[in-house]
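S.K.: One structure is given below, represented as structure tokens, and several questions about it will come after.
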Amino acid sequence: MSINQKIKPLTLNINSDGNLELGGCDLVELAQNYNTPLYVLDEQTIRSICCDYKDAFKNYPKVNMMYASKALCTEAVSALLASEGFGFDVVSAGEIYTVFKAGVDMSKVLFNGNNKSPEELTLALQLGVGRISVDNFFELSLLNEIALSHNKIVDILLRITPGIECHTHEYIQTGHLDSKFGFDLTQIDEAVELILEQYKNLRLHGLHAHIGSQIFETAIYADEIEILIKEIARLDEKFELKLDEINVGGGLGVKYTEKDLPPSPYDIAEKLITSLENNIEKYNIDSPTLFIEPGRSIISTAGVTLYTLGSAKQVPHGKKYVAVDGGMADNIRPSMYQAEYSAQIANKPLADCSETVTIAGRFCESGDILIKNIKLPEIEEGDILCVYNTGAYNYSMASNYNRVQKPAMVIVNNSNSDLIIKRESLDDLIANDIIPDRLKRV
Ligand code: LLP
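In terms of my numbering, the sequence shown is residues 21 to 462.
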């Protein structure tokens with residue numbers, strides 16, 4: 021079983037003090053030492069899923085694994101994934117800059133996005149980003165202009181909309197026909213003609229698609245491969261154009277609760293490689309380099325968030341609410357996607373789960389509910405709640421709503437904990453504020 025098929029990180033245990041521990045570190049002590057809310061990442065869990073991905077694809081000779089930074093982008097995480105041999109899918113100047121500062125080989129970076137700004141494209145060129153996945157006609161022309169002014173030839177892929185609908189939350193579906201991302205299949209020829217005839221500073225290597233996120237089906241990956249290969253063969257026939265790269269995006273799901281049954285990287289690899297082999301033969305093309313861009317499945321299970329439980333409220337004839345010291349600003353996913361999570365009390369993981377409670381966030385929104393109706397032991401003020409599977413799209417989507425400081429993040433391994441993101445201070449919160457002179461109070 022791969023780690024994305026489990027709720028809890030690899031090294032999660034109960035120690036001799038009866039507390040949860042991760043990476044050999046007592047989670048109650050981590051909460052005391054670093055304060056809460058606290059994001060904790062387990063290094064071994066990340067390395068374990070990276071190994072599974074590499075092992076799963078080892079029989080296909082040309083694979084570029086690109087970690088989708090949008091799931092969690094920090095310098096330490098980038099350095100760790102680079103040490104595992106991963107490249108990076110980035111979507112903003114901020115992500116480009118972070119991986120650059122982490123010492124990543126920029127030729128292994130691919131820049132995605134449906135509305136990249138001129139400044140971002142320029143930065144990508146200056147820092148030597150290896151591939152740019154061009155999303156639309158406007159960007160084709162803009163990028164060619166910027167490349168020309170820098171006297172560079174830029175290596176690109178074309179992002180296409182394959183017309184595949186996957187069964188996931190509507191907000192995280194991307195491959196269906198009416199999508200804001202990519203060229204429609206009927207627009208590819210025009211884009212290719214422009215590249216071949218006018219945009220001489222763009223060098224096209226292949227096609228890119230991404231169907232969606234938190235995907236549990238495997239068959240759609242086979243369909244996606246067929247669509248991409250069919251297009252490559254068609255473009256060869258029509259333009260005598262030899263494209264040798266296909267990027268199938270990310271999307272593999274994880275297990276947030278017992279109901280979730282995601283496939284493993286091995287299952288996905290099997291589907292992708294079989295479909296590649298069949299379609300290479302069927303459409304008679306040379307085997308292309310395969311890019312994959314997993315985000316969530318690499319980092320989600322490695323992360324837990326620790327909160328301190330505070331006020332509790334029993335609504336007469338209704339729910340029991342227990343409030344944590346964080347919520348929608350450090351984890352927007354329950355309110356945005358109705359996402360469900362699993363959790364335990366770190367200081368009494370073995371106690372009987374005798375209560376059904378709803379975990380409320382501390383932010384000023386009725387919708388700020390982290391977990392509805394979870395079974396937990398009898399709650400006492402000061403208990404430490406450990407919410408599982410918060411490594412992906414939690415910190416990366418965090419905000420300062422209610423002017424609350426973003427939490428710190430630590431990485432644990434072999435009984436060590438290292439701070440990788442400092443907790444924001446009150447001064448950090450006002451660091452960019454400016455009071456115009458006329459409003460200053462003397
Ligand atoms: N490649 C592309 C082009 C993408 O748009 C994405 C995710 C990925 C790769 C990585 O997908 P993953 O392996 O992580 O599923 N905030 C949402 C997820 C949004 C995903 C956006 N694109 C959530 O919290 O569920």
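C-beta atoms are modelled at their ideal positions from N, C-alpha and C, and glycine is treated no differently. Just so it is clear, the structure is predicted and the values come from calculations on it, not from any experiment.
When you compare the CB positions of residue 273 and residue 230, do they come within less than 8 Å of one another, or not?
M.R.: no
S.K.: So, are the CB atoms of residue 333 and residue 341 less than 8 Å apart?
M.R.: yes
S.K.: Taking residue 141 as the reference, which of 119, 118, 166 has the closest Cα?
M.R.: Comparing alpha carbon positions, the residue from 119, 118, 166 closest to residue 141 is 166.
S.K.: What is the rounded straight-line gap between the Cα of residue 210 and the Cα of residue 268?
M.R.: 22 Å
S.K.: Measuring alpha carbon to alpha carbon, tell me which residue in 80, 49, 118, 111 is nearest residue 97.
M.R.: 118
S.K.: If you run the structure through DSSP and keep just helix, strand and coil, what is residue 373?
M.R.: In the structure shown, the three-state DSSP call for residue 373 is coil.
S.K.: To the nearest whole angstrom, what separates the beta carbons of residue 131 and residue 153, a pair I think is in contact under 8 Å?
M.R.: 7 Å
S.K.: Nearest to residue 409 by alpha carbon, out of 91, 83, 53, 228?
M.R.: 91
S.K.: Indicate, with yes or no, if ligand 1 has a heavy atom lying under 7 Å from the CB of residue 313.
M.R.: Yes, the beta carbon of residue 313 sits closer than 7 Å to at least one heavy atom of ligand 1.
S.K.: In this structure, how does DSSP classify residue 340 when only helix, strand and coil are distinguished?
M.R.: strand
S.K.: Going by DSSP in three states, residue 243 sits in which element: helix, strand or coil?
M.R.: helix
S.K.: On the premise that residue 264 lies in contact with residue 294, defined as a C-beta separation below 8 Å, what is that separation, rounded to the nearest angstrom?
M.R.: Not a contact, Cβ separation roughly 20 Å.
S.K.: Between which residues of its own chain and residue 150 is the CB-CB distance below 8 Å, once the five residues before and five after are set aside?
M.R.: 107, 126, 127, 128, 129, 130, 175
S.K.: Please list, in chain order, all residues of the same chain as residue 122 whose beta carbon is under 6 Å from its beta carbon, the five residues on each side excluded.
M.R.: 95, 98, 99
S.K.: Out of 443, 423, 439, which one is the CA nearest neighbour of residue 452?
M.R.: 423
S.K.: Which residue's Cα is closest to the Cα of residue 63: 457, 429, 458, 444?
M.R.: 429
S.K.: Near residue 433, what residues of its chain come up, given a Cβ to Cβ distance below 7 Å and the 5 sequence neighbours on each side ignored?
M.R.: 43, 63, 64
S.K.: Measure the C-alpha to C-alpha separation of residue 357 and residue 233 and round it to an integer number of angstroms.
M.R.: 12 Å
S.K.: Per DSSP, what kind of secondary structure is residue 300 in: helix, strand or coil?
M.R.: helix
S.K.: Nearest CA to the CA of residue 427: which residue from 55, 116, 31?
M.R.: Checked all of 55, 116, 31; the closest Cα to residue 427 is 55.
S.K.: Let me know the secondary structure DSSP gives residue 140 once reduced to three states.
M.R.: In the three-state reduction of the DSSP assignment, residue 140 falls in the helix class.
S.K.: In angstroms with no decimal places, state the Cα-to-Cα distance between residue 421 and residue 351.
M.R.: 11 Å
S.K.: Which same chain residues, not among the five before or five after residue 442, have their C-beta less than 7 Å away from its C-beta?
M.R.: 428
S.K.: In terms of residues, what are the limits of the beta strand (DSSP E) holding residue 85?
M.R.: Residues 83-88.
S.K.: Could you work out which residue in 431, 438, 425 is closest to residue 448 when comparing CA atoms only?
M.R.: 425
S.K.: When you compare only the Cα positions, how much space is there between residue 278 and residue 362?
M.R.: 9 Å
S.K.: In or out: residue 21 buried (at least 16 other Cβ within 10 Å) or exposed?
M.R.: exposed
S.K.: Using the beta-carbon count (16 or more within 10 Å), is residue 337 buried or exposed?
M.R.: exposed
S.K.: Is there at least one non-hydrogen atom of ligand 1 closer than 7 Å to the beta-carbon of residue 146?
M.R.: no
S.K.: Measuring alpha carbon to alpha carbon, tell me which residue in 50, 48, 59, 36 is nearest residue 319.
M.R.: 59
S.K.: Among 69, 385, 179, 288, whose alpha-carbon lies nearest the alpha-carbon of residue 266?
M.R.: 179
S.K.: Looking at the structure shown, is residue 13 part of a helix, part of a strand, or coil, going by DSSP?
M.R.: As shown, the chain starts at 21 and ends at 462. That puts residue 13 outside it, with no answer to give.
S.K.: Tell me whether the beta-carbon of residue 413 lies closer than 8 Å to the beta-carbon of residue 316.
M.R.: yes
S.K.: Suppose you measure from the CA of residue 297 to the CA of residue 376; what does that come to, to the nearest Å?
M.R.: Put simply, the backbone Cα of residue 297 is about 51 Å away from that of residue 376.
S.K.: Would you say residue 348 touches ligand 1, meaning its beta carbon is less than 7 Å from a heavy atom?
M.R.: Taking 7 Å as the cut-off, the C-beta of residue 348 does not count as close to any heavy atom of ligand 1.
S.K.: Quick one: what does DSSP say residue 356 is sitting in, helix, strand or coil?
M.R.: Three-state result, residue 356: helix.
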